[in-house]
Amino acid sequence: MKIISVAGYKKSGKTGLVERIVEALKRYGQVGTAKHLHEHSLNIRGTDTWKHARAGADVVIGVTPDELVKFSRNNNLISALDELADAGMDFGVVEGFKESTLPKIALGNLEAPNIVMRLDRSEDADIDEITDLVLRLPEYHTSGSLIKRIRQSKDIEKAGAIGTFTGIVRAVTGGTRTEFLEFEEYAGIAKQKMDRICSELKEKEGIVDILMHHRTGIIPKGGDIVYIVVAAGHRDELFPVLREAIERLKAEVPIWKKEHTLEGEWWVHGV
Numbered sequence: 256m257k258i259i260s261v262a263g264y265k266k267s268g269k270t271g272l273v274e275r276i277v278e279a280l281k282r283y284g285q286v287g288t289a290k291h292l293h294e295h296s297l298n299i300r301g302t303d304t305w306k307h308a309r310a311g312a313d314v315v316i317g318v319t320p321d322e323l324v325k326f327s328r329n330n331n332l333i334s335a336l337d338e339l340a341d342a343g344m345d346f347g348v349v350e351g352f353k354e355s356t357l358p359k360i361a362l363g364n365l366e367a368p369n370i371v372m373r374l375d376r377s378e379d380a381d382i383d384e385i386t387d388l389v390l391r392l393p394e395y396h397t398s399g400s401l402i403k404r405i406r407q408s409k410d411i412e413k414a415g416a417i418g419t420f421t422g423i424v425r426a427v428t429g430g431t432r433t434e435f436l437e438f439e440e441y442a443g444i445a446k447q448k449m450d451r452i453c454s455e456l457k458e459k460e461g462i463v464d465i466l467m468h469h470r471t472g473i474i475p476k477g478g479d480i481v482y483i484v485v486a487a488g489h490r491d492e493l494f495p496v497l498r499e500a501i502e503r504l505k506a507e508v509p510i511w512k513k514e515h516t517l518e519g520e521w522w523v524h525g526v
């Protein structure tokens, strides 16, 4: 999923620009959106879903013939992005969350991290230029989004099993406690290497398809680092390839890891 954020002050035209971007990206795939509502509550007091939540339900889902609405607790931008990715979206358009590190289009004189385009007015937007920009952005994936994508493989009918590997940030190693890890990649090369590994492993007997994704940036303890998904005709063909995939990723893909612990920080070779 490729993600772009639209940020600006109130009445700057954010929503109108989001609408135009969504309409343009629909030509290339499925589009999901996320809107920062600050302190608003959508679960209206007195409704049945509100009563379910008041009783202690951690997740409440309201279902109509045309809509499914999920109410849950302790949410943030990452949980919203994961929901969109798990739903199989090809694009995510975010309105607001100006403090995030997402690539963003800034309206007016807004100052924010990672501005990739600035517009004095939303009406000045060249939607074709924005579309080209979004199509060049890196992918955001979850384990669920890769599974959904591999289920859409043209030869999936030959598969009898799907196996996954998820690498996470280990909080405790011996006597050392890790707070977070920081990953950097050599621009563009890491994906090329992973694509080559997948292509070569796909040639093995019984392998229907294989996908992998490595996250970069700061990942907190317990957070997901890397996903590998393999579809194969039989489990005996699947597990050796799943293991080989992660070992080759660690050995061949140029991604560097910096460990941040309570004792200090240092770069680690051989992620």
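Residue numbers (our numbering): 256 to 526. Just so it is clear, CB atoms sit at the ideal spot from N, CA and C, and this is done for glycine as well. Here the structure is a predicted model, which is why all the values come from computation and not from measurement.
Cβ-based neighbour list, residue i, same chain, cut-off 6 Å, excluding 5 preceding and 5 following
i, result
"E440", "T471, I510"
"A289", "A335, V349"
"H291", "G351, F352"
"I382", "R275, A279"
"H515", "E434, F435"
For residue j and residue i, believed in contact at Cβ under 8 Å, the rounded distance
i, j, result
"G477", "I423", "6 Å"
"L504", "M467", "6 Å"
"L272", "A367", "Actually they are not in contact, since the Cβ atoms of L272 and A367 sit about 15 Å apart, beyond 8 Å."
Secondary structure of residue i, DSSP reduced to three states
i, result
"L336", "helix"
"D375", "coil"
"V508", "coil"
"K457", "coil"
"M449", "helix"
"L517", "coil"
"L392", "coil"
"G363", "coil"
"A380", "coil"
"K269", "helix"
"L493", "helix"
"L280", "helix"
Contacting residues, own chain, Cβ-Cβ under 8 Å from residue i (five flanking each side not counted)
i, result
"K513", "L436, E437, F438, E439, E520, W521, W522, V523"
"K257", "D345, F346, G347, V389, L390, L392, P393, E394, Y395"
Sequence-distant residues of the same chain with beta carbon closer than 7 Å to residue i, five excluded per side
i, result
"Y264", "G363, L365"
"L323", "I316"
"S400", "M256, A340, D341, G343"
"E499", "L456"
*Which full runs of the alpha helix (DSSP H) of 4+ residues lie inside the segment 283-352, going along the chain?*
303-309, 332-341
*For the segment 394-440, which segments carrying the beta strand (DSSP E) assignment without a break, of at least 3 residues, lie completely within its bounds, in sequence order?*
416-423, 431-440
_Segment contact flag, the segment 486-498 with the segment 410-427, C-beta cutoff 8 Å, min 3 pairs_ = yes
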